[in-house]
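Q: Each protein sequence line maps, in turn, to chains A and B.
Mapping of the first sequence onto this note's numbering: position 334 corresponds to residue 334, and the numbering continues sequentially without gaps.
Mapping of the second sequence onto this note's numbering: position 45 corresponds to residue 45, and the numbering continues sequentially without gaps.
For glycine and all other residues, C-beta sits at the position ideal for the given N, C-alpha and C.
First, the structure itself, so that you have it in front of you.
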Amino acid sequence: MEQSTSGTVATPASRPDYDMDIVKKFFTATVVWGIVGMLVGVVIALQLAWRPANLGLPWTTFGRLRPLHTNAVVFAFGGNVVFTGIYHSMQRLLKTRMWNDTLSRIHFWGWQLIIVAAAVTLPLGLTQSKEYAELIWPIDVAITLVWVVFAVNFFATVAIRKVEHMYVAIWFYMSFVITIAVLHIVNSLVIPATLFRSYPIYAGLTDALVQWWYGHNAVGFFLTTPFLGLMYYYLPRAADRPVYSYRLSIIHFWALVFLYIWAGPHHLLYSALPDWAQTLGMVFSIMLIAPSWGGMLNGLLTLKGAWDRVRTDPILKFMVVAVSFYGMSTFEGPMMSIRAVNGLAHYTNWVIGHVHSGALGWVGMISFGMLYWMVQNIWNRPLAYPSWASHHFWLATIGIVIYTVAMWAAGLMEGLQWRALDDAGRLANPIFLDITHRLNPFLWLRVVGGSMYLVGAVMMGINFWKTIRGPSAPAGARVEGV
Amino acid sequence: MSKETNRVLGHADESDGIEEYDNPLPDWWLGLFWFTIIWAFGYGIHYHFIANRSQESELAAEMAAADARWPTQAEAMAAALSEFAVTAEAVTAGEAIFTQYCVACHSADLSGGIGPSFLDEEWVHGGQAADILRTITEGVPDKGMVPWGGILSPEQINQVGAYVMSKHSEATGRSIEDIVAAGAPSA
Ligand code: HEM
Ligand code: HEM
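Here you go:
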């Protein structure tokens, strides 16, 4: 029984040939790690605004908790969201159960163990000191093995598919599986010295370039392409509308994956990197605007004709805001790649604002939309507290706005004050610390916005808990949209 | 977007019920894409081959503009040095500056900490007024002494220098005249 007429009809549970158990596992892990990662985000936001929150213990200082936050939200929350969506949608899109259930489970438990290992080692100060690749070499090896298990299972499932034409979401997932493997392995190549310590095989400038080729494409292929894949499946399903343009989806996919790979040097503008490489990073970033907006357009235009529902259905609201923030941050990013603009923005809180408009706005909101849609469909139950989904939406949206506006203001202020000169050509704000103190009101605003976002996520968690433990809908009945 | 057909492709059977329209690429989107591609080539060629720019040349241009606009530090220092005098007003003003900027490293009673004491006979970088003022202006970045020339005005440097010298004189008994005495700096 296909559900092409209504996006919220519950059927997957009645399709025994699909492995829904693995989807539920990843779903649960997503919600748990999401809340943990955002909680740590609020904690480090508080630490920057109010020093005593560092507690004076080495394990709880900002420097150690910051990588815990980034790893938890990107790889634990983001990773599990993507795996949840992939295991759910790819089985249905390819009309086949996953190739091997054991591999699926090795993937699941392996990934969770890696997260736990990260949560232990980072506060202990065991790190490789490369941003988003902090984990020490034994964990890196584990990531590689688990990824290979996932990739084998993924491509074997693609190989045994029962459809000929592969839907665009699958293309986005493929780019994720392949590229992340390459990025992770190349950037993590080290020579181990002890169990906890190693030396990178790259030195100096090469090391920096490899690191930001990795770092930028972690954004591109971990926080962007798989999430676009999720958008291409869950947005039309939830809206029950045809995708606006097949051609646009293909063109923007190939343009995006081709252009992204070259843009890494925009993280190293005005550095020892040769000028030509900096130019390359900058112009490829500018060329990324249209391919990125292709995804936004296809999302928004797919909702054309469903705008009446967008006003009332929190799931669609989450998705519209997500896609809009995606469009916004993929315009802001290219602007920040322009040499002169980067000279102002680099090292300031503006970058943090950009990061979180993408992370909270795009990654977070599309995930919430997907999870609310999914919980009702895979557990075959209506939401326990439908109105909470709306409250969550508003808390999150207002929270993001407060967070990002505060960071833009803080970033512009510090960037301008650092460079300001007085009439005699001396620094107008010679004491760096003075500027840092002036940031404090903005840092407190971020604590407020981030807390709102976190509270929304916790409400979602409680809502899901109650929903899953609540009574299921009568067989064949339509689960009401929230 | 006027060319929208909104005709479904009929793939739904192969994509879990999701239909796709065969709408063309929006014109403005395609225009934007071409514009950024052409701009990218234009910018790269202009930057590297026509304007022959580089970050070194950007820096040099900025420094030249600054030099033209503001007298160089050496000139400003020489000008300030000729006006230097240890007066009561200068010492009072200097104390305030010292309290704000210097105590963290030289301590409130000038007995030293991260930086050396000013209450003994020893001067690492010379003990004549010209030496002391130069050390304050240019700093010793390698050792952690800040080059204050970019932060304090020449007048303020004179003032804080006067304060340091008067305290040094009080503690060691060396006369102000001897410190300020003209002639070659001692180091
Ligand atoms: C409750 C919500 C959140 C809060 C309060 C929060 C707070 C923070 C803070 C305070 C920092 C450090 C900023 C600095 O060093 O100046 C940070 C960094 C970061 N966060 Fe979050 N965060 C939240 C959610 C998220 C989510 C959901 C993601 C990703 C999906 C994310 C991704 C990142 C990344 C990638 C960085 C590093 C940015 C950089 O190095 O430029 N955050 N966050
Ligand atoms: C076309 C798209 C984009 C471009 C060209 C772009 C460009 C940039 C630039 C220029 C920076 C600042 C580098 C610096 O000065 O340090 C940056 C930082 C960052 N962006 Fe984007 N951005 C894009 C989209 C996104 C999206 C959608 C996300 C999140 C989902 C994101 C996440 C980040 C992160 C995490 C950083 C911080 C990296 C660090 O730790 O320093 N970006 N991006």
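Residues of chain B with CB under 8 Å from residue 19 of chain A, in chain order?
A: Here the premise fails: no neighbours, minimum Cβ distance about 16 Å.
Q: Please confirm if residue 159 of chain B has its CB atom under 8 Å from at least one CB of chain A.
A: no
Q: Between residue 396 of chain A and ligand 2, is the CB less than 7 Å from at least one heavy atom?
A: no
Q: Return the first residue and the last residue of the beta strand (DSSP E) that residue 234 of chain A is part of.
A: It is not in any beta strand (DSSP E) - residue 234 of chain A instead sits in the alpha helix (DSSP H) that spans 225-239.
Q: List the residues of chain B whose Cβ lies closer than 7 Å to the Cβ of residue 163 of chain A, in chain order.
A: 14
Q: Please determine, among A/324, A/459, A/428, A/378, the residue with the shortest C-alpha to C-alpha distance to residue 84 of chain A.
A: Cα-wise, what sits closest to residue 84 of chain A is A/378.
Q: Anything in chain A within Cβ reach of residue 24 of chain B, meaning under 8 Å, just list it in chain order.
A: 245, 247
Q: Within the stretch 2-65 of chain B, note down every full alpha helix (DSSP H) run reaching 4 residues or more, in order along the chain.
A: 27-45
Q: According to the Cβ coordinates, are residue 435 of chain A and residue 414 of chain A closer than 8 Å?
A: yes
Q: Going along the chain, which residues of the stretch 36-50 of chain B sit with their C-beta nearer than 7 Å to a C-beta in chain A?
A: 36, 37, 39, 40, 43, 44, 47, 48
Q: What is the rounded straight-line gap between the Cα of residue 165 of chain B and the Cα of residue 172 of chain B?
A: 10 Å
Q: Use the C-beta contact count for residue 20 of chain A: other C-beta atoms within 10 angstroms, 16 or more gives buried, fewer gives exposed.
A: Residue 20 of chain A is buried by the Cβ-count criterion.
Q: Following a CB-centred definition, is residue 230 of chain A positioned closer than 7 Å to any heavy atom of ligand 1?
A: No, the beta carbon of residue 230 of chain A sits no closer than 7 Å to any heavy atom of ligand 1.
Q: If we count the other Cβ atoms within 10 Å of its Cβ and call it buried at 16 or more, is residue 240 of chain A buried or exposed?
A: buried
Q: Which residue marks the beginning of the beta strand (DSSP E) containing residue 493 of chain A, and which one marks its end?
A: Outside the shown range of chain A (1 to 482) lies residue 493 of chain A, about which nothing can therefore be said.
Q: Taking buried to mean at least 16 other C-beta atoms within 10 Å of its own C-beta, is residue 211 of chain A buried or exposed?
A: Result: buried.
Q: Note down, in chain order, every chain B residue with its Cβ under 9 Å from the Cβ of residue 547 of chain A.
A: Shown here, chain A extends from 1 to 482; a query on residue 547 of chain A therefore has no answer.
Q: Buried or exposed, going by whether 16 or more other CB atoms sit within 10 Å of the CB of residue 312 of chain A?
A: exposed
Q: Enumerate in chain order the residues of its own chain whose CB-to-CB distance from residue 91 of chain B is below 7 Å, with the five nearest sequence positions on each side excluded.
A: 162, 163, 166
Q: Does any residue of chain B bring its CB to less than 8 Å from the CB of residue 85 of chain A?
A: no
Q: Quick one: is residue 322 of chain A buried, meaning 16 or more other Cβ sit within 10 Å of its Cβ, or exposed?
A: buried
Q: Is the separation between the beta-carbon of residue 246 of chain A and that of residue 21 of chain B shorter than 8 Å?
A: yes
Q: Please report whether the beta-carbon of residue 134 of chain B lies at a distance below 8 Å from any beta-carbon of chain A.
A: no
Q: Should residue 424 of chain A be flagged as near chain B, meaning a C-beta pair shorter than 8 Å?
A: yes
Q: State the Cα-Cα distance for the pair residue 353 of chain A and residue 302 of chain A, rounded to the nearest angstrom.
A: Between residue 353 of chain A and residue 302 of chain A, the C-alpha separation is close to 28 Å.
Q: Are the C-beta of residue 97 of chain A and some C-beta of chain B separated by less than 8 Å?
A: no
Q: Mind checking the stretch 160-176 of chain B against chain A and listing, in chain order, the residues whose C-beta falls within less than 9 Å of any C-beta there?
A: none
Q: For residue 38 of chain A, which residues in chain B fall below 8 Å Cβ to Cβ?
A: Those do not exist, as residue 38 of chain A stays about 31 Å from chain B at its closest Cβ, beyond 8 Å.
Q: Give the DSSP bridge partners of residue 140 of chain B, in chain order.
A: B/145
Q: With 16 as the cutoff for other CB atoms within 10 Å, does residue 38 of chain B come out buried or exposed?
A: exposed
Q: Entirely within the stretch 86-156 of chain A and at least 4 residues each: give me those alpha helix (DSSP H) ranges in chain order.
A: Whole alpha helix (DSSP H) segments, 4+ residues: 101-124.
Q: Give me whichever residues DSSP pairs with residue 421 of chain A in a beta bridge.
A: Its beta-bridge partners are A/427.
Q: Give the residues of chain B in contact with residue 167 of chain A, contact being defined as C-beta atoms less than 8 Å apart.
A: Neighbours of residue 167 of chain A on chain B, chain order: 11, 14, 15, 16, 18.
Q: Leaving out the 5 sequence neighbours to the left and right, which residues in its chain are closer than 7 Å to residue 412 of chain A when beta-carbon positions are compared?
A: 350
Q: Please confirm if the stretch 373-392 of chain A is in contact with the stretch 457-464 of chain A, defined as three or more CB-CB distances below 8 Å between the two stretches.
A: Taking 8 Å as the limit for Cβ pairs, the verdict is that the stretch 457-464 of chain A does touch the stretch 373-392 of chain A.
Q: Please name the residues in the stretch 284-296 of chain A whose beta-carbon is closer than 9 Å to at least one beta-carbon of chain B, in chain order.
A: Listed in chain order, the positions of the stretch 284-296 of chain A with a beta carbon within less than 9 Å of a beta carbon of chain B are 284, 286, 287, 288, 289, 290, 291, 293, 294.
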